[in-house]
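Undergrad: Take a look at this one; I'll ask things after.
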Ligand code: UT7
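Numbering (this note's numbering), first residue to last: 139 to 465.
If you want it as structure tokens, here you go:
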């Protein structure tokens, strides 16, 4: 693809210690463990401490990824952060993570691709390394949904949670990102969004009173699109790489709903043990779900160096995409 091959040199993740179970949610709103488990597969999720920000979670995951990559933080020359629950609307959460890592001077910016943030960031970092523009890029996906969820709205508050995953990408002898493909359809942007707080609906007392600063989702529409778009993206990267799905050792799909993952598993007739699922323990951490699942699976040795892994995600925008990684 370019002058240099690019690989993921190190993976890291951080999830907050505090666990919020479905049973605890039952005491906070009109919901039930039975509803949440049967409709989503989620049993519990992690909630950050009040003073912990998205950049704090991201910096913790980043330090682990840097250590796993076997490089010094000072060897990094770019930080990309994927988040939709960053510390501020601006400046970029990537700049805050850069500060926490003590890397003043190197460029740092955020990308806004919602749940597809990891795949957008991976694609971008791969291109920048392949072209020779940068040598070692830190990609941090971090979310703190708990800070901005409407705990009165059972439709979304039981789904989203906090966590961070990070990877270091760098030059390598062999290609580590065998294929990647990105897609978006802005005509569907109003089906999953935070309506208030931007230039469309600036913050005002009325806006806050009407709850428009909270995440809103048309769950059924998002579900339908997720089930068809992730396979579209996966097919695109399989064809780019000249691979059949059976040749992948593992698949990691965005962790939003177990039923979405099961529908894709059935479509490709995938053996269940090839498909990583951790949403039962972490819920939906948007951009962070895939890098958390990759880092955790490496830690538990479920996924090993050299394995071929397909990843696919779908989220707000709408955005969707997939990649094939040689771990
Ligand atoms: O990360 C970005 C991508 N996001 C996704 O991929 C999420 C996609 N969507 C989904 O995962 C599912 O659509 C949901 C989990 C959000 C909802 O599942 P569903 O099977 O589509 O349920 P529904 O929206 O049809 O709701 C069914 C019922 C409703 O009650 P009525 O109107 O039928 O009486 C809801 O009010 O379930 C009710 N409901 C709940 N009940 C108990 C909604 N949320 C809850 C809840 N507890 N937490």
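Even for Gly, the Cβ is constructed at its ideal location relative to N, Cα and C.
Regarding residue 173 and ligand 1, is the C-beta to nearest heavy atom distance less than 7 Å?
TA: Yes.
Undergrad: Going by the C-beta, is residue 405 closer than 7 Å to any heavy atom of ligand 1?
TA: Not under cutoff, so the answer is no.
Undergrad: Heavy atom of ligand 1 less than 7 Å from the Cβ of residue 464, yes or no?
TA: Because no heavy atom of ligand 1 lies under 7 Å away, the Cβ of residue 464 does not count as near it: no.
Undergrad: What is the C-beta distance between residue 222 and residue 297, in whole angstroms, given that I count them as a contact (C-beta under 8 Å)?
TA: About 14 Å; that fails the 8 Å criterion.
Undergrad: Since residue 418 is in the beta strand (DSSP E), which residue starts that stretch and which ends it?
TA: Looking at the DSSP string, residue 418 is not in any beta strand (DSSP E); the run it does join, the alpha helix (DSSP H), is 417-420.
Undergrad: Measuring straight from C-alpha to C-alpha, what distance separates residue 321 and residue 363?
TA: The straight-line gap from Cα to Cα measures roughly 12 Å.
Undergrad: With a threshold of 7 Å on Cβ separation, who are the neighbours of residue 219 within its own chain once the five nearest residues in sequence on each side are excluded?
TA: So the qualifying residues of the chain are 196, 230, 231, 232, 235, 248, 278 and 280.
Undergrad: What is the residue span of the alpha helix (DSSP H) that residue 363 lies within?
TA: Start and end: 357-379.
Undergrad: With 16 as the cutoff for other CB atoms within 10 Å, does residue 457 come out buried or exposed?
TA: With 16 or more Cβ atoms within 10 Å of its Cβ, residue 457 is classed as buried.
Undergrad: Judging by CA-CA distance, which residue of 252, 148, 301 and 173 is the nearest neighbour of residue 185?
TA: The candidate whose alpha carbon is nearest that of residue 185 is 301.
Undergrad: Are residue 258 and residue 251 close, meaning C-beta to C-beta below 8 Å?
TA: Going by C-beta atoms, residue 258 is nearer than 8 Å to residue 251.
Undergrad: With residue 143 and residue 310 assumed to form a contact (beta carbons below 8 Å), what rounded beta-carbon distance in angstroms separates them?
TA: Indeed they touch by this definition, with Cβ atoms about 5 Å apart.
Undergrad: Buried or exposed: residue 463, going by 16 or more other Cβ atoms within 10 Å of its Cβ?
TA: Residue 463 comes out buried.
Undergrad: Decide if the region 337-345 is in contact with the region 169-183; the criterion is three or more beta carbon pairs, one per stretch, under 8 Å apart.
TA: No, the region 337-345 is not in contact with the region 169-183.
Undergrad: Just to confirm before moving on: does the CB-CB distance between residue 260 and residue 450 stay below 8 Å?
TA: For residue 260 and residue 450, no; Cβs fall outside 8 Å.
Undergrad: By alpha-carbon positions, which one of 396, 312 and 328 ends up nearest to residue 416?
TA: With distances taken between Cα atoms, residue 416 lies closest to 396.
Undergrad: Compare the beta carbon distance of residue 387 and residue 358 with 8 Å and say whether it is the shorter of the two.
TA: Against a cut-off of 8 Å, the Cβ pair of residue 358 and residue 387 comes out as no contact.
Undergrad: Go ahead and label residue 189 buried or exposed: buried means 16 or more other beta carbons lie within 10 angstroms of its beta carbon, across all protein chains shown.
TA: Result: exposed.
Undergrad: For residue 154, collect the residues of the same chain with a Cβ closer than 8 Å to its Cβ; drop the 5 residues on either side in sequence, then sort them by chain order.
TA: So the qualifying residues of the chain are 184, 185, 186, 187, 190, 195, 300 and 301.
Undergrad: Hey, quick one: how far does the beta strand (DSSP E) through residue 460 stretch, first residue to last?
TA: That run of the beta strand (DSSP E) goes 457-464.
Undergrad: If we count the other Cβ atoms within 10 Å of its Cβ and call it buried at 16 or more, is residue 166 buried or exposed?
TA: Looking at its Cβ environment, which holds fewer than 16 other Cβ atoms inside 10 Å, residue 166 is exposed.
Undergrad: Would you check whether ligand 1 has a heavy atom nearer than 7 Å to the C-beta of residue 456?
TA: Answer for residue 456: no, Cβ out of range of ligand 1.
Undergrad: Do residue 115 and residue 253 have their C-beta atoms within less than 8 Å of each other?
TA: The displayed coordinates of the chain run from 139 to 465. Any statement about residue 115 would go beyond what the structure contains.
Undergrad: Report yes if the CB atom of residue 203 is closer than 8 Å to the CB atom of residue 265, and no otherwise.
TA: Contact flag unset, no.
Undergrad: Report back the beta-carbon spacing between residue 275 and residue 307 to the nearest angstrom; my notes put them in contact at under 8 Å.
TA: Sure, about 5 Å apart at Cβ, within 8 Å.
Undergrad: Alpha carbon to alpha carbon, what distance is there between residue 445 and residue 374?
TA: Roughly 20 Å separates the two Cα atoms.
Undergrad: Among the candidates 158, 314, 334 and 447, whose CA atom is the shortest distance from the CA of residue 227?
TA: For the residues 158, 314, 334 and 447, the minimum Cα distance to residue 227 belongs to 334.
Undergrad: For residue 243, count neighbouring C-beta atoms within 10 Å of its own C-beta (all shown protein chains included) and say buried if the count is 16 or more, exposed if not.
TA: The residue in question, residue 243, is exposed, as its Cβ has fewer than 16 Cβ neighbours within 10 Å.
Undergrad: Buried or exposed for residue 431, please, with buried defined as at least 16 other CB atoms from any protein chain shown within 10 angstroms of its CB.
TA: With 16 or more Cβ atoms within 10 Å of its Cβ, residue 431 is classed as buried.
Undergrad: Hey, residue 414 and residue 390 are a contact pair by Cβ (cut 8 Å); roughly how many whole angstroms apart?
TA: Sure, about 5 Å apart at Cβ, within 8 Å.
Undergrad: Quick one: which unbroken alpha helix (DSSP H) runs of 4-plus residues sit fully inside the region 252-288? Chain order, please.
TA: Runs found: 255-268.
Undergrad: Say yes only if the C-beta of residue 398 is nearer than 7 Å to one or more non-hydrogen atoms of ligand 1, and no if none qualify.
TA: Flag set: Cβ of residue 398 near ligand 1.
Undergrad: What's the C-alpha gap between residue 224 and residue 376?
TA: If you take the alpha carbons of residue 224 and residue 376, they lie about 33 Å apart.
Undergrad: Among 209, 169 and 198, which one has its Cα closest to the Cα of residue 147?
TA: Among 209, 169 and 198, the Cα nearest to that of residue 147 belongs to 209.
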